[in-house]
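Peer 1: So in the numbering used here, spot 81 of the sequence shown is number 81, and the numbers just go up one at a time.
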Amino acid sequence: MRTFAVFALFAVLIALGAGCKKTEPSSSATGGGASETNSNGPSPDNALSDKERFQGVWKAASADNGKGPKELSGDRVPRLQVEGDRLSLRESATDPGEPHVATWDSTKNPKTLTLNTIEPGGKPSARAAQVWIYKFEGDAIVVAFSDGTTPTEFKAQVPSQKPPAPMVTVLRFTKTTEKPVAQPVKPPQPTGSK
């Protein structure tokens, strides 16, 4: 259930503008934008797999939930922490976050990142996976997600009833020099009582 809470928190932080200021519409919010190369030709990072490029701690720099992009700043902004195939959705600089098993599919257009929550026992959850779309813009990662559906473009939208449409959130992350936060060791769950 914490996965929903984390996604809801991302949405609330964006809506409340925690440490935010309005920015000009970015290419991330409109679906356009820079390709995965820089002005000097292909990035040297292009030789790396997407999984390798994701490694480290990424801090949300801007967010759009359909009401226009906002810059995010401070310690209480979302972070992605990626170590191997483990991705943690963190709420702040010190929060260990909620761990997920991540699977990248760079053959799809747009590329997808599938997140499966890891239960306290260390096994992936039986709950449905969350599927995000992602792209690289220079040294940044842009992701779009929606609760229950997979976005098809990097276009934020507010939820609506007519026509029915889910909220789509677009986040732009930049790499940090922060050290990863270790997941707390959870005691084994009792299997029965005497």
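The beta-carbon is built from N, C-alpha and C at its ideal position, and this holds for glycine as well.
Can you give the beta carbon distance from A102 to V77, rounded, assuming they're within the 8 Å contact cut?
Peer 2: About 20 Å separates the two Cβ atoms, so there is no contact after all.
Peer 1: State the beta-bridge partners of E137 as determined by DSSP.
Peer 2: Note: E137 sits in a beta bridge opposite A140.
Peer 1: With distances taken from CA atoms, which of E91, L87, L115, G56 is nearest S73?
Peer 2: Measuring from the Cα of S73, the nearest candidate turns out to be E91.
Peer 1: Check for me: the alpha helix (DSSP H) holding D50 runs from which residue to which?
Peer 2: Note, D50: alpha helix (DSSP H), 50 to 54.
Peer 1: Go through the stretch 109 to 135 residue by residue and report every complete run of the beta strand (DSSP E) that reaches 3 residues or more, in order.
Peer 2: Complete beta strand (DSSP E) runs here, min 3: 111 to 117.
Peer 1: When the Cα atoms are used, what is the spatial distance from T149 to L113?
Peer 2: Taking the straight line from one Cα to the other gives about 13 Å.
Peer 1: Could you tell me the alpha carbon to alpha carbon distance between A140 and V170, rounded to whole angstroms?
Peer 2: If you take the alpha carbons of A140 and V170, they lie about 13 Å apart.
Peer 1: Hey, out of K179, F154, P120, whose CA is closest to N109's CA?
Peer 2: Looking at the Cα atoms, F154 is the closest of the given residues.
Peer 1: Consider the C-beta atom of P159 and the heavy atoms of the ligand PLP; say whether any pair is separated by less than 7 Å.
Peer 2: Absence of the ligand PLP is noted for the structure shown, with no ligands found whatsoever.
Peer 1: Measuring only the C-alpha atoms, how far is T174 from K123?
Peer 2: When rounded, the distance between both Cα atoms is 29 Å.
Peer 1: Using DSSP with H/G/I as helix, E/B as strand and the rest coil, what is A47?
Peer 2: Looking at A47 - three-state DSSP - the assignment turns out to be helix.
Peer 1: From which residue to which residue does the beta strand (DSSP E) around S88 run?
Peer 2: 86 to 90 is the span of the beta strand (DSSP E), which, as asked, contains S88.
Peer 1: Candidates V131, D95, K51: which alpha carbon is nearest E83's?
Peer 2: For E83, the nearest C-alpha among the options comes from K51.
Peer 1: Would you decide whether K179 is buried or exposed? Buried here means 16 or more other CB atoms lie within 10 Å of its CB.
Peer 2: With fewer than 16 Cβ atoms within 10 Å of its Cβ, K179 is classed as exposed.
Peer 1: Rounded to the nearest angstrom, what separates Q157 and L87 at their Cα positions?
Peer 2: Going by the C-alpha atoms only, they are around 25 Å apart.
Peer 1: Express the C-alpha separation of T94 and R79 in angstroms, rounding to a whole number.
Peer 2: If I take the Cα positions, the gap works out to 10 Å.
Peer 1: Closest by CA to F136, which one among A129, R172, A128, G68?
Peer 2: Minimum Cα distance to F136 is reached at R172.
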